[in-house]
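The opening residue of the sequence shown carries number 64 in this note's numbering; numbering runs sequentially from there. Here a beta-carbon is modelled for each residue, glycine too, at the ideal position from N, C-alpha and C. Here the structure comes first, spelled out in structure tokens, and everything after it is commentary.
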Amino acid sequence: MGWSVLGVAVLVVAWGIVIYNGLVRGRVAGDAAWAQIDVQLKRRYDLVPNLLEAVKGYAAHERDTFQAVVQARQKAIDAQGVAAQAQAETSLTASLRGLLALREAYPDLKANQNFLALQEELASTENRIGFARQHYNDAVNAYNGSIAVFPAVLIANNFGFVRRDFFELEDGPQREAPRVSF
């Protein structure tokens, strides 16, 4: 009788350890996926000043557009947390869309090799951000699911595993990356 109770206790402890470790792995996977989004967003933020400089030479009087991009970039850099980051990225995407629209008004800008190279780099970065976002949301979905199911929910609640937010942009038209055409 004593050995069977001890055996059951060992199994319960082992079961708890396995579940706990799985939850930790899920949380770490979410952190790693968020770090990839952060890397791609940093890349995007670094491109913005170069893009602004390329456009300024052709459209110096578009000060409001430039200012909107600069402000949106800074808000995105300063954003803390998934929801704030998503909101800031929505604003930055909209302001970049306005900046890129200037190419239609300035034919010489459309032909500028530096501007074209920056547009291509921005399009590539937007794709990378999209993939990183998807990977993060997949990791969050798996993690959120794992902390919600029985019996893992018992361990999750007792050890501070909390639901994570998805990285979602605010509304339909702004969910699209800025359109870059050549």
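- Across the structure, A72 and R88 are spaced so that their CA atoms are roughly 24 Å apart.
- With respect to the 7 Å criterion, I192 and Q130 are not classified as neighbours on the basis of their beta carbons.
- Secondary structure of H198 (DSSP, three-state): helix.
- With respect to the 7 Å criterion, F229 and V203 are classified as neighbours on the basis of their beta carbons.
- A residue is called buried when at least 16 other Cβ atoms come within 10 angstroms of its Cβ; S154 meets this threshold and is buried.
- Each of A123, I80, R160, G70 was checked against the Cα of A219, and the nearest Cα belongs to I80.
- Between L232 and A149, the C-beta spacing is below 7 Å.
- At a Cβ-Cβ threshold of 7 Å, T188 and R90 do not count as neighbours.
- In the three-state DSSP reduction, P214 falls in the coil class, being neither helix nor strand.
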